Structures are given as C-alpha cells and as structure tokens.
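Q: Before I ask anything, here is the structure I am working with.
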Amino acid sequence: MKSFFIRYWKSILVVFAILYLCIIRVPHIKGLPNIQNFDKIAHLFMYIALTAVLFYDFTKNKKQLPISQLIFVVILFPIVYGGIIEIVQGAFFPARTASWADFAFDAMGALGSFTVMCFWYKKKTTKR
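Listed below in structure tokens is the structure:
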C-alpha cells in the first residue's frame, strides 16, 4: 500500500486539491473582475490536469498499456469523480451548488486531456 502512495502521489495530490477547491466557499475579492462562467473554465482545467497527471502516473513505468485499465483509471475515474463531487456539493455544502454544466465541463476536460495525452504517449513511445 505504501508503494501505491509513493508511485501515485501526484495523482492523489490533484484528487485532493480538486476536492478542496470544490468544497470551500470562495469569497469575492474586491478589485478582481467578475468573469462570467469562470467556474466552468476552472472545472475544465482542473479535469484536464487530473486526467493528464493520472495518464502520466499510470503510463510512466509500463511498456504495454492494458486498454481496459487505462480507460477505467484515466477516463472513467475523473468523470465519475466529477459527478460525485457535484452530488456532494449539492447535498452537504450549502454555500456550493450542484451543476450539470460543471459536470459537463469536468467530462470535457477529462476526454480532451485523454486525447492529447494519447498523442503524447504515442509520440513518446515511437521515439524509442
């Protein structure tokens, strides 16, 4: 179990950072512009980062990738995680709200990042 945390510490850190950012109450800071739909952009980039780190951590030491595990860990986990966070926000954090749009941007970030990471991985492995 210890080796799991050592091997995947980056992914674990990003998972908990996203959880923290999604449950804290974000105060409005005077002087900052109020950008419409900024939270959607934040969701998109959080899940781009999560998927990229998961992909990197999962593929860094493996020669051949079992596609079923890759799909489960790198695509389905972030999407399901985003859905769970939306449900938890709506149910347990009154200052936060659940949003289908946030969930959609989570999924778009995960799918887009996975696509880019697949191209990166293919380019990386064909150079060897």
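Taken in order, the sequence shown gives residues 51 to 178; the numbers are from the working numbering. For glycine and all other residues, C-beta sits at the position ideal for the given N, C-alpha and C. Everything numeric in this text was worked out from a predicted model, so none of it was measured.
1. Determine, using beta carbons only, whether Q139 and A148 come nearer to each other than 9 Å.
2. Might you give, ordered along the chain, the residues of its own chain that have their beta carbon closer than 8 Å to the beta carbon of F55, omitting 5 neighbours on each side?
3. Are the beta-carbon atoms belonging to D107 and K52 less than 9 Å from one another?
4. Ordered along the chain, which non-local residues of its own chain (more than five positions away) have a Cβ less than 7 Å from that of L94?
5. If you compare alpha carbons, which of M167, Y97, A141 is closest to I73?
6. If we count the other Cβ atoms within 10 Å of its Cβ and call it buried at 16 or more, is L120 buried or exposed?
A: Considering the structure as presented:
1. By one-based count along the sequence shown, residue 139 stands at place 89. By one-based count along the sequence shown, residue 148 stands at place 98. Cβ distance < 9 Å, so Q139 and A148 count as in contact.
2. Within the sequence shown, the letter at position 5 stands for residue 55. Around F55: I62.
3. Indexing the sequence shown from 1 puts residue 107 at position 57. Indexing the sequence shown from 1 puts residue 52 at position 2. Cβ atoms of D107 and K52: not closer than 9 Å.
4. Position 44 of the sequence shown, counting from 1, holds the residue named residue 94. Only F155, M158, G159 meet the Cβ criterion.
5. Here residue 73 refers to the residue found at position 23 when the sequence shown is read from its first residue. Considering only alpha carbons, the answer is A141.
6. Translated into the one-based positions of the sequence shown, residue 120 becomes position 70. Buried: at least 16 other Cβ atoms inside 10 Å.
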